[in-house]
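Using the working numbering, the letters of the sequence shown correspond one by one to residues 253 to 400. No residue lacks a Cβ here, since even glycine has one placed at the ideal position from N, Cα and C. What you are looking at is a predicted structure, and each value in this text was computed from that prediction instead of being measured.
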Amino acid sequence: MTPQLSDLLLALLHHLAVFALVAALFSQYLLLGGQPDAARLRTLGQLDKGYAALAAGILAIGFARAAHGAKGWAFYADNPVFWTKIAVFGLIGLLSAVPTLRFLRWQKQGGLPDASSWRGTRRWILAELLLLPLLPLLAILMARGIGL
253 MTPQLSDLLL
263 ALLHHLAVFA
273 LVAALFSQYL
283 LLGGQPDAAR
293 LRTLGQLDKG
303 YAALAAGILA
313 IGFARAAHGA
323 KGWAFYADNP
333 VFWTKIAVFG
343 LIGLLSAVPT
353 LRFLRWQKQG
363 GLPDASSWRG
373 TRRWILAELL
383 LLPLLPLLAI
393 LMARGIGL
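Structure, rendered in structure tokens:
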């Protein structure tokens, strides 16, 4: 496989995984807009597992792109915009821990959460969604050599 084709495939996988992550997160947000019920709780748990797998995949593919892509690691390693993007992604990941722990606790307890906890969890998801647009903004800045 040529380096250009490898770079293209890594970029495609990275973008598709990001789109899927956004879809999973927005689906959680929508589900939490309704009333708690067992089916929603199960679906939220499944979406959350997919979200975690996608986040891990995005990191792995992203670092593979940085290390083996067309621009090479040197382009990213000394770029503070790249590290800011990683920090924002990490912050979103930290925020996602609260809903994940709640979903797990609710499933383990076998009951349904109270309406206040349900709405509160939706606000955590909203915080993640509000931070997400920073990621493509930072990517755009990097692509234009900002931070070098």
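Is the Cβ-Cβ distance between D300 and T352 less than 8 Å? Here the question's residue 300 lines up with position 48 in the sequence shown. Here the question's residue 352 lines up with position 100 in the sequence shown. For D300 and T352, yes; Cβs fall inside 8 Å.
Buried or exposed for M394, going by 16 or more other Cβ atoms inside 10 Å? Within the sequence shown, the letter at position 142 stands for residue 394. Label assigned to M394: buried.
Proximity of L381 and L277 at Cβ, strictly below 8 Å: The sequence position of residue 381 within the sequence shown is 129, counting from 1. The sequence position of residue 277 within the sequence shown is 25, counting from 1. Contact: yes.
What does the Cβ neighbour count give for H405, buried or exposed, with the cut at 16 atoms within 10 Å? The chain is shown only over 253 to 400; residue 405 falls outside these bounds and no answer can be derived.
Mind checking W325: buried by the 16 CB within 10 Å criterion, or exposed? Working through the sequence shown from its first residue, we reach residue 325 at position 73. Flag for W325 reads exposed.
With DSSP collapsed to three states, give me the class of M253. The residue labelled residue 253 in the question sits at position 1 within the sequence shown. M253 falls in the coil class under three-state DSSP.
Thinking L384 and V274 are a contact (beta carbons under 8 Å), I'd like their distance in whole angstroms, please. By one-based count along the sequence shown, residue 384 stands at place 132. By one-based count along the sequence shown, residue 274 stands at place 22. 6 Å between Cβ atoms; contact.
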